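Here the UniProt record's numbering is used: the sequence shown runs in plain steps of one and ends on residue 302. For reference, the structure discussed in these notes is given below.
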Amino acid sequence: MPTNAETALGRPAPAEAETTLVVVTGLSGGGRSTVARALENVGYYVVDNLPQALMLDMAELAFKAGGAARRTAMVLDVRSRAFSTDLAGAIRELRERGFQPRVVFVDADDEVLIRRFESVRRSHPLQGDGRLADGIAVERALLEEARDQADVIIDTSHLNVNQLRRRVEELFGGEDSRRLRITVLSFGFKYGLPPDADFVMDARFLPNPYWVPELREHTGREEAVSAYVLGQEGADAFVAGYADLVNATTAGFEREGKRYLTVAVGCTGGKHRSVAIAEELAARLRRSGIAANPQHRDLGRE
């Protein structure tokens, strides 16, 4: 922990400062849940509905745990204020103990918040027997000091879910964390379709190396089988066509918030054709700048 001198000089202890903390708060209906999901997308460990009185304890746990917990986001809403209303004081205490939290405050116009609550037919958690506008006014007053202390204020009045997510990812995620990652998965149709496949390619139109005695016991990861499969008529066009399809859709998937895509390539048993095609497709996608890796679900099952 920092010494009193360090605190007085405003210098955080180096160890605690290495822990990246984000505190997310703001008005109910403003978009805290979307912000939380976006932070998870870029690698934060997210703790939702954390009582303000436990913020320092959570920060110290994150520091001690290390690893992925070194990037922790704490989401505070009206329910957490049942334990304490001094959010501004809790944030000051974090800073005094050497942490450097970034406070994100989500806000929106009253009219927008009212429409959002009405669209889901929910009451505001603080309106009591009054109107939605009354609850919003009470919450604004409670959060006034926290808003003043915020490092980032995001007005979501004119943002849809995807726009808000992109804004958070731009603020807190590096370029790599926002990139789409593609798994090119080989499989055998006789073992069933992969349930998580986004695209399914069928390589059974190609001659099967199983019927070539010298290739039967080998797999599509080996040069002899790969050369045989990729040398067949239509194989190159098949791989090139799917590479073009994936390339054409990648930017759109990223805009829509998709971070993982599974392209499944099937043959009869998942040993020869699908394996060779998956390896080649993944290699072509990587050459075009896409993060793609081959996996082979059924290799070894025969």
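For each residue, glycine too, the CB sits at the ideal point set by N, CA and C. None of these values were measured; they are calculated from a predicted model.
The criterion of a C-beta distance shorter than 7 angstroms is satisfied by V239 and L281.
With a cutoff of 7 angstroms on beta-carbon distance, A59 and L87 are scored as not near each other. For D48, the uninterrupted beta strand (DSSP E) run begins and ends at 45–48, by DSSP. Under the three-state reduction of DSSP output, P294 falls in the strand class. Judged by DSSP secondary structure, F253 falls within the alpha helix (DSSP H) whose first and last residues are 235–255. A residue is called buried when at least 16 other Cβ atoms come within 10 angstroms of its Cβ; H158 does not meet this threshold and is exposed.
Listed in chain order, the alpha helix (DSSP H) elements of length 4 or more contained wholly in the stretch 169–228 are 175–178. Among the bridge pairs identified by DSSP, D109 is matched with none. In terms of Cβ geometry, I136 and D110 form a close pair [threshold 7 angstroms]. Taking C-beta atoms as the reference points, V75 and A38 fail to come closer than 7 angstroms. In this structure, the beta-carbon distance from I153 to F105 falls below 7 angstroms.
The C-alpha of R102 is placed about 7 angstroms away from the C-alpha of A150.
In the displayed model, T156 falls within coil according to three-state DSSP, outside both helix and strand. Taking a 10 Å sphere around the C-beta of G231, we find fewer than 16 other C-beta atoms and assign the residue as exposed.
With respect to the C-alpha of T34, the residue from T156, L132, E118 having the closest C-alpha is T156. In this structure, the beta-carbon distance from A264 to L206 does not fall below 7 angstroms.
In this structure, N162 sits near G257, with a CB-CB distance shorter than 7 angstroms.
Straight through space, the alpha carbons of R71 and E254 are spaced by roughly 22 angstroms. In this model, R140 and L126 are separated by some 11 angstroms (Cα to Cα). Secondary structure of L21 (DSSP, three-state): strand. Counting only runs of at least 3 residues, the stretch 97–144 fully encloses the following beta strand (DSSP E) elements, listed from N- to C-terminal order: 102–107. Distance from the CA of P51 to the CA of A276, rounded to the nearest whole angstrom, comes to 53 angstroms.
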